[in-house]
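Some notes on the structure that comes next.
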Amino acid sequence: MFNQFNKRDADAEPTNTWQENPDDIIMLVNRTAKNYILDLPTGRYRLDAGRSMRTLRSILDLPQVRALVEEGELELE
Numbered sequence: 525m526f527n528q529f530n531k532r533d534a535d536a537e538p539t540n541t542w543q544e545n546p547d548d549i550i551m552l553v554n555r556t557a558k559n560y561i562l563d564l565p566t567g568r569y570r571l572d573a574g575r576s577m578r579t580l581r582s583i584l585d586l587p588q589v590r591a592l593v594e595e596g597e598l599e600l601e
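Sequential numbering of the sequence shown, starting at 525, is according to this note's numbering.
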């Protein structure tokens, strides 16, 4: 990786710390005129009216998000 002088070691292989399956990435879209505060494990997220967020499909495991999608308040793309 990097040595004490912040130079890359020649024999170190780069590590990928975060890589998801592209099929697991979705767009969660708010097509309503309402703003929503989503209580996510990482903290609160405000999804404003007419806006979207790029996220992982696993967000649908959260009861609040799943309910909003099932009620038609939020859509998936």
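Each residue gets a CB set at the ideal place from its N, CA and C atoms; glycine is no exception.
Q.
Once DSSP output is grouped into helix, strand and coil, what is the label at ASP572?
A. Sequence index remark: in the sequence shown, residue 572 carries index 48 (1-based). ASP572 falls in the coil class under three-state DSSP.
Q. Any idea what DSSP makes of LEU586, helix, strand or coil?
A. Stepping through the sequence shown from its first residue, residue 586 is reached at position 62. Note: LEU586 maps to coil in three-state DSSP.
Q | Range covered by the beta strand (DSSP E) that runs through ASN554 | A | Here the question's residue 554 lines up with position 30 in the sequence shown. It spans 549 to 554 - the beta strand (DSSP E) in which ASN554 sits, taken as one unbroken run.
Q) If you draw a straight line from the C-alpha of THR539 to the C-alpha of ALA557, how long is it? A) The residue given as residue 539 occupies position 15 in the sequence shown. The residue given as residue 557 occupies position 33 in the sequence shown. Roughly 43 angstroms between the two C-alpha positions.
**Q.** Cross-strand partners of ARG578 (DSSP beta bridge)
**A.** Translated into the one-based positions of the sequence shown, residue 578 becomes position 54. MET551.
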